[in-house]
Structure formats: structure tokens, C-alpha cells
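Residue numbers (the numbering used here), protein chains in the order written: chain A, 336 to 710; chain B, 56 to 419; chain C, 8 to 347.
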């Protein structure tokens, strides 16, 4: 992931916190730390997959990069320019180069506007060409996404979910961006349509030389479409690696658990299931030390106290004390195997593991840090 | 080229939101009947001087064409020549006398909403009966008032007043309400705090009291001032609704999408949020028109409206107060008010059903 | 004799736009203690089938034809046309149901304990305390930690996974013979989904319950179901034991669904084998086989003109396709020309 040439996107210690206000005077009583210090880079033409479960902050991260949500700390450098420092006018022109496709094909297209109006908006705002030129660009963008020119006169609700998502992609493309944030672009679609849209995205990437940030919870699609993958948990990145590396040799216990939880048709792909106890804690009160420790079957004393620093081997970066120790003792493959077997042993009696729930961690109203780890 | 979605593009049909709503509305018989009735009222209001009046609709006098009936809309529009030639508002005899070559096209019913018709004003027509003698007859379809003014003419011209009151006052209220609500909802923060408090203050004052107070301050209560007052007091419900809609819609994903493309707040408010927020507000506006008409009638009935001779339906009811034996003074205006308010309410309900978002077709 | 047998069920919606046959001649059977997976995409009619079983189809929908036979100690009752009062004893009593969205299945203004106890009291005449005790027991059964505290908490205080467990507890209140689960884990995170599926498997074993699992996720079906039925456009197109279906899918739609998954492709750089076209809307159902516009194995004239019937190609493996078992090579004609 680290190249001699400058990356297209470089995110550094990005934080996005939302204040929690209580009372008549709306005093700030705490912060929801949706994104709590993430760093990664994406080279031009490559795709970074960002995976995690709901509440981990991946959607907020995508939007923070585009400043659709204002980050509260850190740096986002796009093509060498600091996005956070840009003033509104400059930001607007920067927006042309960084676009986003949303998850919900029903909500992201204004139901009262024709497809033409929706696609034309960006062109009008950025004053790209006269009427004829705009029409040409819009038709070209629609063609690219497999929709006929007649689409322009229709309203979004006349189309199916898959078609709407194509329209949304066309809208993002009409400004000829370099970078696309894809925020769960296929989750809301039917299974047989998902493959169509994924193929479309891959084709567009090749034809137009696009760079993607692909945010999703669907691990198999992410593996297919991404060059590199970052795993997010409770506002932090726990592991980042090239896609093949991550899937073949995951190091972080959470990554192991995540992969093992996906049900699969092919029996040989099914991993020994590691059932994590409890639920994701609230991002308003993340646990001390390693954020994952209340649910981690391998948690040790150090994990409860010290936030694990990054351990990097090759292009593979992980934040875990146990993994660091294993890596020091052997190579990545061996470490990954050992962690897998430790996890299976720890969560051996799966019936028991599910019983012991970190009670404090599951209720948003309970005080932090009182979660119990599994024995 | 990726898999085509071509073969499943539906054929073109007008599918805008309002087009679909109209389709649904059309299928509701009661709502359509109410809409047709209001259309009928609008026609009556527009052509009132041509339906009932003592001024010719169009006449040729001394070689030139005039439209004296327009004077009913605005006193200043009465052609000056007739005042110069001392017509004193009585056209039939004077036209004949002062210019034998004149001709005129008269309104359907020769009666005046503001005064009693005198004997032989129209050749062969007796004077309007006054006092209790004025029950409905073939000459005075709806009877006459105490002072001999024809009720039918008053009702016809009263339609203009009623509809004007409804639409103008609600127009003012809607403009204020939508603006305040939209700004408060979209921008939030201090603007919202200030606007919301203002809204609440206005809401807390009982409307009738406020209206009467404003009317008392105003020197001459004309119908226009009445409409302004109704408008200035009736905007709070709309503003709250708009604010709620804006609060909800400003975090809608298509708004975020518009921002991601570079649109600024002005564009977003007007092009994106407002069209989506207007539909729910149409319904209270329609109900508001009915309420405005009812309020104006009520005020006129109580004597707070235009001073006589006024052509409002409520003023007829005011007359009726002291003359209960003259049932025609109650029945006709009462029926008119009832039917009009009912019609607007039915239209409002029809609109509500037609614009119900749950009934929107959504394909998956 | 199977616990539940659906025969030729037809459920249609009478909308102003016309008659929409959401379920168009569906036959299924579930044996006691087994799990049947009903797979299909949105709009195929799987949820409506489930709702029809319990008579919960909302107007303007109606069951128009068919039988739904529930076995009760040797005697079978036809649930179609059963008077509402009797249906109510079955709902929750003999057949439990859980839905996709746990938040909307639970009433936000009542406590968890209240709602579970209510589920108990609806079918058993017990006192309040007894119902509360049973509620506690049920929360333990679904492995919610600290159940005494949870009894008095409100749904919004619980996480998604916990709420789904509460919903399961309510469905199990009277130890039904059959549990209908309509996309129970679709709205949950994958790690929570694993917990819930684990729980369902465990409960099935302990209580000997049959499960009708409705989902669009083939992986879930592969790992949890004994039998699978695939639905498309209101009809069952393939039905087999899970192992047989995934080892040798016979219907082009099933083949297509399995082939479209990223795991299926052979080389890393291959594009995904997507199924072209879209699921047809009921008013746009094509003549002949409903899948033919999207089928890579379509052959004129049978596929475009004649509706295939469900045939048993191998013991226990039924397919609704004229040429199943003898499909040949997928057409090399591009999709545009094919899909007219």
C-alpha cells in the first residue's frame, strides 16, 4: 500500500465526533466517536474496501472524507490538497473530482425531479458546458451505466432498484470524477441484480481509471472488487492489508470472527465458527485499552489497559497485542493459523460463549468499562 | 457493455407526482363533485357583473364602446362619460334618452347588489319591495332585504367576495407560513429559536381577539384589510408543518446527494426540499380557505365586516338578525356558506388521499 | 404425514390496477422437526406465502385457492377459510412467526417482559405472576443474559440482536410445532446473525420444532436447512434436499443465483456471472416460462409459449423447467437479442 508515487487519497488520524446534548440549555455531555482516528491511503486507480458492521463508523468515514459530514480532527489529503482546509468555493470545485454513490437507491434520488434534472444539477452548479454539451454528457453517462437516453425524461420511481442505482452511478459519473466513494451500493438490491451492478462498477473502473473507496459489510463482494481491505471496528481500523492477504491470513481476532460468521454455500469455505459474545458497544463510550477487548476471546491484561499500536508486516497492518506477539514469533501465515486455533479453543463450547454477554456494553445507558470478558 | 436494463424500461406516461395525484383524485366522485362546484363558484365570481347588475355588460354610447359593468369590481372603473352625462347610475332610461342609437347587452338579472331598484328603472319593472314584503318572487328570485336590495344579486356578488377572501387571505398566510417554516426548519439554530418563539406567540393569542383588535386599529375596515388581517393571523399552523417537513427532509439522502454534487443551500431549499414539502401543506391550506370564508362570514354577521352596503354573504345574515320573519335572508346565504365550506373541505380531504405517499407505486 | 402441507396455494391482490397473483400455485410440505428454506428475491411471493399460512395477508390480498393443511395429532385442519377465532388459537399457539425487523415487531411503549408475558397469556390461562415467570424462562431459553433486568426494559434499550431474541421468545411462548421465520437475520450484522442462527439451530434440537425459514441468502440456507424450495415470480421453480440442491442445481434460475456469487468464479479476474434482466412485475409476466427472458438456456418454442410444470427429475428433487437435466450449453447470443 505504500508506493513511491503520492497517493490520490491520504487520510491521517481522521476523527468525526458528534456531540451529545442534554438539558434545556443543550449542554454537551459527551461525544459519539463515530470515527475515532483512522489512517489509510489509496493509490490512484486502486480500490480500498472498508468493511465493518453497523455502528463501526464506515459510512461516516466515507462522508467525512467528502466533508458531507464535517470531521472534527485529522487530515484528508486529496491529490495533494488538504480537503479540510478548503473554503466553500474551492471545496465545491474539489467536489467535482470526488463523488459518492449512496446505499439507498430509493432515498438518494429526489422523487420530484426527473432523471434529467438530477443528472444536470451537477453540471449546472459547476457550469460545465451549454445545453447541448450537458445533454451529451448526460446521455454518455447513462449509456455507460447501461441505461438508454430515454431515461432522462422519466421519474426515479418508474424504475426498479437496480436501475435506480445505475442512475445514481450515472449521476456520480457525469461530473467525470477521479475518486468515487461507494457507500454500500448494492446492499439494498436483489441478489441477482447485485452481480450486474458489481460488474458495472468493475468495468467503469477499468474504462475510466477510477479510484474507489468501497464501503460494505458484504465480505465476499469486497474481496472481489478491492485491491486492499481495511477492517473497521468502533471507529478505528483494526486491520488493513491487500485483499488476498487479508482473506488468506487474517490476523486480528475480530477479522477472524467476521470471516467465520459468514454463512457459505461451499462447505470448504466455511470456517470454524467463532461466535462473538455480546453486541457492539456504544461509540459514545468506547472501552478502555483495546476497543475490542470486552468481546475478544483472547483478551489479556494488557488488552484491557493499553490501546494496541500498529504492527506492520509487508503491506499488512494490524492493531492487536496478541497478533503482535505471534508475529514476532513467526511469519504472518503461522501467526494467522495460531490465532485461529486459539480462538476456536477459547470459544470451544459455543453454547457457553453466547451466554456470557458483556452486559454493560450492550445497554447504551450503562457506565463504561464494566464489561466482562469471556473466561 | 454491461447487461442491458433496456428491455424493461416502462413506456412513457405522465408520471410526475402531481400528475399521479390528479389521476387518483379524479377517481374520487365526491371530491370531483366538490371541485366542480368550486369551479362553478369561481365562474360565478368572475362573471358576477354579467350575471346580476344594473350596469350594461357592454354598450355603445355616442359612437364608442364601454364596459360599465366593470365598475362593480372597482368604482374607479366606471366610464367617466356616464357621470358627466348625469346618468346617476341608472342606465336603461338614460341610454335610450340620450342616444337613440345606443345599444347595450344587459346582465342576466337586472338587479343591483348595493341598492334597491326603483320603479320603472327598467321599463315595466316595479320597485323592489322593502321590509317584510320582499319574499322570493319571480322578479326577486331570492327575495329582497329590509331596504329592498335584491338578495340574489347580493349572493352573486358575494361569491366574488367569499372566494377572494378565501384565496387572498390564505395566499398571504401560506406565503408567510412557508417562508418562516422553511427557514426555521432548514437552518435551525438561532433562526429556528427566534422564528419558533414568534410563531408560538402568535399562536397563543386567540385569533378572533387578534382579528378584532386589528380591525379596530384599522380605520376603515374594507374587505382587503380584512383579508390581510386574516392572512396575518392564520399562518402559524402552516409554518409548523413546513418546519417539521424541512427538519425531516434536510437529512434525506437525496439532499446529501445534492450537496455532494456541489449545490448550495438556496438551490437545495428551493429545488429539492420545497417541492417535496409542499404536498402535505396543500391540505391545511385548502381547509384554511374554508375557515377563512367562515370567519369572514362570521365577522360580517356580527357586524364587524364591511359597513353596508356590502355584498358579503355574512352581511345578509347580519340583516337577518333583526328580521327573523324574513327567512330568505337566512336560508340562501346560509346554504351558500355551508355548501362552499363543505366543498373546500371535501377538496382538502380528496387532496389528502390523493397525495398520500403510501399509495405511491414503488417498484423493487 | 407432514406437519404442514400447502397445496396449490393461490394468493392474489386485487388492486385498482388489476389482479396481482403474488402466490400462483405453490405447493410445499414440511415434516416435523425439519427446516425448510424458502428462497427467492424480493417480489417472488415468499413472504406472502408465509403470511397466507397464518391468514395474515392484508387486504386487498386474499387467498383464492388451495389448501394449507396442518397436522394435529393425526387429524389435519385446513387453515384456508378457517374462522378467525380458530386461526387466532393457531397463531402463536401451534405456529409461531417472527419477522425481519425486530424493532417494528416490538411495541415501543411496553416493556419486554410485558410483551412476552402477553404472548404467553394469549394462549394459556395463567396468572400474571405465572406468565412473568414463564417470560423469564423464555428469555433464558433464548440466551439473553441478565434476564431479570431485561424483563423491565423497553425495546429501544436493547440492541438489534437482543430484540430479535425477544421476538423469538415471544414466538416460542407456547412451544409451537412450527416456527415461520421471515428473513429473521437480514437486518442484523453478520456476527449477530451467526448468534441468532446458532440459537435457532439449538432451539430446533431442544424443542423438536420445525422451521420455515424465508430468506434470500443462499449461504444461510446451505448451513441451516434440511430442505430448500426456490421461488420465482410466484411459483416454486425447484425443490430438493439442501445438499442435493447445492451440489447439483437443476433449474437455470438456481444455477444462475449460485453462479452469480463472487465465491463461484474460477479466476480472480473473471467478471461475476450475473443473471441479465430483472425480476418481472406481476403485470408484466411473460407468456410461457416466467424465467425465460433471463434464461441462458432458453429454447424456442416451448420455453416462450408453454408454462412448465413441476417434475420430479430425481427422487426428492423437483424442477419446473422443460429442459432441466438436459440444459446444454448456455446460449452465446448476447443478452439483448435474447431478452425480448
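For each residue, glycine too, the CB sits at the ideal point set by N, CA and C.
According to DSSP, residues forming a beta bridge with residue i
i	result
residue 653 of chain A	A/574, A/646
residue 723 of chain A	This structure gives no information on residue 723 of chain A, because the portion of chain A shown stretches from 336 to 710.
residue 345 of chain A	A/376, A/412
residue 550 of chain A	A/385, A/518
residue 158 of chain B	B/115
residue 531 of chain A	Paired residues: none, contrary to the question.
residue 59 of chain C	DSSP lists no partner for residue 59 of chain C.
residue 164 of chain B	B/107
residue 72 of chain C	C/17
residue 36 of chain C	C/12
Minimum Cβ-Cβ distance from residue i to chain A less than 8 Å
i	result
residue 291 of chain C	no
residue 102 of chain B	no
residue 268 of chain C	yes
residue 304 of chain C	no
residue 418 of chain B	Low per-residue confidence applies at residue 418 of chain B: pLDDT is 36, beneath 50, and the placement is therefore not dependable, though the value from the model is reported in the following sentence. It does; some Cβ of chain A falls within 8 Å.
residue 253 of chain C	yes
residue 174 of chain C	no
residue 309 of chain B	yes
residue 317 of chain B	yes
residue 301 of chain B	no
residue 38 of chain C	no
residue 212 of chain C	no
DSSP three-state assignment for residue i, whether helix, strand or coil
i	result
residue 111 of chain C	helix
residue 372 of chain B	helix
residue 31 of chain C	strand
residue 544 of chain A	coil
residue 239 of chain C	strand
residue 685 of chain A	Any reading at residue 685 of chain A needs caution, since the residue's pLDDT is 44, under 50, leaving its predicted position unreliable; the model's value is listed next. The answer is helix: DSSP assigns residue 685 of chain A an H, G or I state.
residue 196 of chain B	coil
residue 242 of chain B	helix
residue 440 of chain B	Shown here, chain B extends from 56 to 419; a query on residue 440 of chain B therefore has no answer.
residue 85 of chain C	strand
residue 105 of chain C	strand
residue 567 of chain A	strand
residue 134 of chain C	coil
residue 218 of chain B	helix
residue 42 of chain C	strand
residue 260 of chain B	coil
residue 417 of chain A	strand
residue 25 of chain C	strand
Residue i at chain C interface by Cβ criterion, 8 Å
i	result
residue 396 of chain A	no
residue 530 of chain A	yes
residue 675 of chain A	no
residue 508 of chain A	no
Minimum Cβ-Cβ distance from residue i to chain B less than 8 Å
i	result
residue 442 of chain A	yes
residue 490 of chain A	yes
residue 435 of chain A	yes
residue 403 of chain A	yes
residue 687 of chain A	The pLDDT assigned to residue 687 of chain A is 36, lower than 50, so where the model puts this residue is not dependable, and the model offers no usable value.
residue 457 of chain A	yes
The region 592–603 of chain A touching the region 415–431 of chain A, judged by at least three CB pairs closer than 8 Å = no
ask   = Given 8 Å as the limit, is there contact between the region 262–272 of chain C and the region 54–61 of chain C, that is, 3 or more CB pairs closer than that?
value = no
key: Length-filtered (4 minimum) alpha helix (DSSP H) runs lying within the region 298–378 of chain B   = 308–316, 329–357, 368–377
query = At which residue ranges does the region 347–412 of chain A contain complete alpha helix (DSSP H) runs of 4 or more residues, listed in the order of the chain?
reply = 393–400
query = In chain order, which alpha helix (DSSP H) runs of at least 4 residues are fully inside the region 153–216 of chain C?
reply = 154–158, 167–178, 197–214
inquiry  = I'd like to know if the region 196–212 of chain B and the region 160–179 of chain B are in contact, where contact means that at least 3 CB-CB pairs between them fall below 8 Å.
reply    = yes
Contact the region 190–204 of chain C vs the region 98–117 of chain C: 3+ CB pairs below 8 Å = yes
query = Can you find at least 3 beta carbon pairs, one from the region 182–198 of chain B and one from the region 333–353 of chain B, that sit closer than 8 Å?
reply = no
request  = Spell out a yes or no on whether the region 518–535 of chain A and the region 486–504 of chain A are touching, meaning 3 or more CB-CB pairs, one atom from each, closer than 8 Å.
outcome  = Judged by Cβ distances under 8 Å, the region 518–535 of chain A makes contact with the region 486–504 of chain A, as three or more pairs qualify.
query = At which residue ranges does the region 227–285 of chain C contain complete alpha helix (DSSP H) runs of 4 or more residues, listed in the order of the chain?
reply = 249–254, 259–266
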